[in-house]
Each structure stands twice: as C-alpha cells, then as structure tokens.
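Protein sequence lines, in the order shown, are assigned to chains A and B.
So for the first sequence, the working numbering puts the first residue at 1222; every next one is plus one.
So for the second sequence, the working numbering puts the first residue at 69; every next one is plus one.
Quick reminder that beta carbons are idealized off the backbone N, C-alpha and C, glycines included.
Just below is one structure, and these are the notes that go with it.
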Amino acid sequence: MMRASSARIVLYVISVLVLVYLIVPVLIIVPISFSSARFLTFPPPSFSLRWYEQYFSSPAWMQATRVTLTVAFLTVLIATPCGVAAAYAVSQSRLRIMRVIHMALLLPLVVPIIITAVGIFFVYTRVGLVATLPGLVLANVMLGLPYVVISVLAGLQSFDPAQEMVARSLGMNRLRSFFAVTLPQIKSSVVAGGIFAFISAMDETIVALFISGGQYQPLTKRMFTALRDEIDPTIAAISTLMTAASFMLVLLASARQKRSG
Amino acid sequence: MATSVSDPSQKHQRREHGLMLALVSPALLVVLALIVLPVGWLAWQSIYHDGFTLENYRRVFTEDIYWRSFALTFQISLAVTLIALLLGYPLAYLANSLPKGWGIFILSLVMLPFWTSVLVRAYAWLVLLQRSGVINQFLRHLELVSEPLALVHNTFGTVVATVHILLPFMVLPLYATMQKIPNDLMQAGASLGASPSLTFLRVFLPLSLPGVLAGCTMVFVLCLGFYITPELLGGGRTVMVSMLVSRNVELYNQFGAASAVAVVLLLSVLVIFFAVSRFISLDRVLGHK
C-alpha cells in the first residue's frame, strides 16, 4: 500500500513536469511580446506595447497578414464543401474503390510535408503558379482537406442514413434531403473541420516557403525569414496574436462539438 | 425473369455509383494534382535528366554528406521517439486513471501547444535556450554555471523542441488505447493477489502496447521529415534529410539530387507504415491526428 502511493506521487511529479515542459514555451512569448527591452530578457524590465505598434505600423507585416487571412478564408470556403461531399460519398457508397479513395484523401497527412512542398514547387514552376494567390490557396486546400474529411466522417458515423432514405421516400430529392435532414445533424463536425482547415492554413509554413513570394507571402514565411536573420520581439507580438487566434478558434470548435454532444 | 427484374435496379445502382464518384471527385482531383502528381514528378526527375540515369541515387547512397544526414535523421528520430514515449506514457497513464473530467483537462493541456503554430513554438524555444536566453539566465542566477551553456544551434536544441512539438502525437493514441482497457481486468489481477506493479506489468502494459506502437510510429515518421526545428534550432550543423532536400533546391539548384533524397525519404516512411500496418490498423495511427 505504502509503495503504491509513493509510486503514485512519482507519477504526479513526472506528469506535472511534462505539462510544464509542454505549456511554458507556449506562454513565455506573451510576457516577451509586452516587454520594452530590445533584447530578450526575462522577466521583462517594463511593460510596453512597442512591438505591437511596430507590427501594426509595418506595411510589410500588414500585407503578410492580409495574405494569411485571405488564404485561410478561401481555403475554408473551398476545402469545406469538397471535404463534406467526399466524406459523404466515402461513408455512403459501397463501391470498393472508395476505400482506396479514402486512403488517397488522407495522403496529405502521410507524405512528409517537405516532400509535398518541393514537389508542388516543381509542378507550380511549370504552370506559372509560383508566387501567386491561387497557387497558395490551392495548396492549402489540399493540406486542409483531410481535417474536414476526418471530422465529417466521424460525424457521419453516428448518423443513421435511414433517416435520409425516409426523407427521400416522402418525395424529397437527394440534394434537398441532404440539406434538410443530414447536414443539420452533422453541422458541428462540418464547422469543426472547417475551423481546423483554417488553423492549418494560418499556421502552414513549409509549402509557403517554397511556393510563395513577392507580395503574396503569408505571415509564416516572413516570420521564418526574420527568425533566420535575428530574433526580433515583433515576432513575439505576432506569435501571441496568432496563438490567441488559434485558441479562440479551437474553443469555438470544441464548444460546438459539445453542444451537439 | 430474374434479369428483367434486376435491370432497373442495376441502372439505379449505376446512377448511385456515378453520383458518389462525382461527389468525391473535387477533393480527389485536388489531392491527385497536388500530392500524387508532384510526388510522381519528383520520382521522374530523380531518374531522368536528358535521358535515364541513376546518377542521383548513386550520389545519395555513396556520398558521405548524404549518408551522414540520413544516419543523423534516423538517430534523432529514434531519440525523439524514445523521449516522447518516456514523457508521454506516464502522462497518458495519469490522465487515464483520473476521473473523466480531470483526464479531459490534462488532455486539453496537451492539445494546447498542439494548436499553436510550429513556427511560434520554435521561436519560443529559441528564446528559452539561446546563450542570453531565459534558461541560461536562470542557471547563472543560481550560480549553477559560470559560462552560458550551448543549448541551442545544435542537436540538443533540435531534439528538445522537436519532442515538444511531437509529444501530443504520442499522448493521444496512448490515452485512446488505455481508455479501452477494462478496469475489471486490473481489479481481477489485484483480487488474485498481484501487487499493483505486477498487475501493471502483466496486464496493463501489454494491453497498452498497440497505443505505444501507434504513437511511436506517428512520432518517428513525422520526425523523419521534420524541417522547421532543425533549420531554426540546429544552427546549420544538424543537417536532417529535409534540409538536404531544401538546400539542394534553394541553394544548389540540384533538382535531381533533391528529388532522389525525397524519394528515399518517402520510401522509408511508406516501408515503416507498411510494416506497422501488419500489427495494427493504420486508422489507429492516423486517426488521432
């Protein structure tokens, strides 16, 4: 009995340390972003908003922010309907090839992203999509699709297709019965999938490093280049804003999922 | 008789199949155009340059810099996987053994960094680990060290940050597997007189192994292709395979060599997935992303 409880204490201590390791680095950027110091000192000497001012007054950072937001919104607008249609077909169809197609749709998660990035770069150079907005959006649609597909497939698993059959036997056509009966019941997983696609597009770095350029560089590409040169606290301010945005979106997604329960 | 009845239903079925294929086609087209075609392009480019050639593969398999990079990448991936397992298993175990609410709370703390940009976390580790960084200041303040330690721009910094980024991929499948282990089994072990540590070793641990395999596979495979942390925290000395690919493209314009490295990396990943799929379902590995 005694030994069991001491083992329990060790378990608690290890777990707390691991959680500290996981969380502290995410939180440490917040005080640094509000520091007045030019160089990174901790704790910060005094409170200041200068790095936020620098971010919001820089045309280059603002342009990059516009690109990131545009790309993320367009990605969601395209990836969500495509992903929902694909997930619906994968879950309803008894065609044997659907299993292969299902696996193919998850490929973006399997192929190392650096390989995808270089491959897309080579293809884009041939078709003139390098350093363009459509090229960036298209790549992010592909990377976001698996999140929508996985989320919607999970939602469809608890949905009884017989309900849609009933609606159709009562005279609704396929499309109307989908929108009237099926979609309302899987709405929360559709929204969650869309939100994950948005976050994925907002955070995507590696593909953007290879295929974006000129005025169509997203935030992450500019941040990466800035980090290679010198560590500027402006990046802490941007990081804090990005992290806050991600967390709010995740909270939104999980609140929706819970409500549908 | 039978055929005349099945005819309309066959027609209906064909329409149904057509509709399903039409629904899946936009997503499939995007994936074909932006993953299958690019990877095929890389494969082609690795063996064809003004004629068929194996020169790129000869370089990859014989030149020192390539060999060393592949060896280093596998070593780092192995180290990252083992450390993630050692850190993740106790955490998943605790989350699993606590009342549901607390378990979910711990999991959401694990997911917190998961939803933060990899780039932001790499930056945070730079801040923490650099010579004038938070950890070195702290150590010097306590007078534990007289000179700042070289914690970053080396393999150490790369591993610390990479484990941090990949740990959720270990904890989630572990937790999911542990949730499925019936509590009765542990109680049965205890009622038969086994000590808690014996029931853990003989009952719980073996039953959690599929989760261990799923987590380790995901972490190892993701680490093999990792790019941001070695590039930003490796200080140019920790050249992982992903960096060979990008340098060959960006700095040296060696597209053939870059393609060959990418193909070898992808084949390694696929071989690992294939080997693992013989033991556990791949859905288990990928499902918890």
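- With fewer than 16 neighbouring CB atoms inside 10 Å of its own CB, S349/B falls in the exposed class.
- About 6 Å separates the beta carbon of P1252/A from that of P1265/A, a gap short enough to meet the 8 Å contact definition.
- Identification of residues in the stretch 1382-1409 of chain A having a C-beta nearer than 8 Å to some C-beta of chain B yields R1395, given in sequence order.
- Taking C-alpha positions only, A330/B is separated from S185/B by approximately 24 Å.
- Within chain B, L162 have C-beta atoms less than 8 Å from the C-beta of Y1233/A, given in sequence order.
- Assigned with DSSP and collapsed to three states, F1468/A falls in helix.
- I133/B sits away from M1363/A, with the two beta carbons spaced by 8 Å or more.
- Contact of Y1309/A with chain B by beta-carbon distance below 8 Å involves L91.
- For G293/B, the closest Cβ of chain A is nearer than 8 Å.
- Fewer than three Cβ pairs drawn from the stretch 313-323 of chain B and the stretch 153-166 of chain B lie within less than 8 Å of each other, which leaves the two stretches out of contact.
- In this structure L187/B is buried. Its beta-carbon is surrounded by 16 or more other beta-carbon atoms within 10 angstroms.
- In this model, N251/B and A258/B are separated by some 11 Å (Cα to Cα).
- In the structure shown, F1431/A falls within a helical segment according to DSSP collapsed to helix, strand and coil.
- In the pairwise beta carbon analysis, the stretch 1349-1364 of chain A is classified as touching the stretch 88-103 of chain B: at least three pairs are separated by under 8 Å.
- Only S310, V313, S314 and V317 from the stretch 304-319 of chain B bring a Cβ to less than 7 Å from some Cβ of chain A.
- Rounded to whole angstroms, L146/B and S114/B show a C-alpha spacing of 28 Å.
- Classified as buried, L197/B has 16 or more neighbouring CB atoms from the shown chains inside 10 Å of its CB.
- Taking a 10 Å sphere around the C-beta of N1394/A, we find fewer than 16 other C-beta atoms and assign the residue as exposed.
- No Cβ of chain A is located within less than 8 Å of the beta carbon of M238/B.
- DSSP places Y116/B within a strand segment (E or B) once states are collapsed to three.
- Comparing alpha-carbon positions, the option among S1390/A, R1443/A, S1460/A and A1474/A lying closest to A1413/A turns out to be A1474/A.
- In the DSSP assignment, S1269/A forms no beta bridge with any residue.
- The three-state reading of DSSP puts S1256/A in strand, counting E and B together.
- Non-local C-beta neighbours of T223/B in its own chain, meaning closer than 6 Å and more than five positions away in sequence, comprise T306, ordered along the chain.
- Secondary structure note for G1365/A: its alpha helix (DSSP H) is the uninterrupted segment L1354 to Q1378.
- Here Q1438/A is buried. Its C-beta has 16 or more other C-beta atoms within 10 Å.
- For T184/B, the closest Cβ of chain A is nearer than 8 Å.
- Residue contact with chain B for Y1242/A: present (Cβ-Cβ distance below 8 Å to some residue of chain B).
- Distance from the CA atom of F1277/A to the CA atom of G171/B, rounded to whole angstroms, is 40 Å.
- Measuring C-alpha to C-alpha distances from V1339/A to each of S336/B, D351/B and A326/B identifies A326/B as the nearest.
- Identification of residues in the stretch 101-113 of chain B having a C-beta nearer than 9 Å to some C-beta of chain A yields A101, L102, I103, V104, L105, P106, V107, G108, W109, L110 and Q113, given in sequence order.
- Following the DSSP letters along the chain, one finds K168/B inside the alpha helix (DSSP H) bounded by residues K168 to F182.
- S77/B and F142/B have their C-alpha atoms spaced approximately 55 Å apart.
- Identification of chain B residues near A1306/A by a Cβ-Cβ cut-off of 9 Å yields A90, L91, V92, S93, P94 and A95, ordered along the chain.
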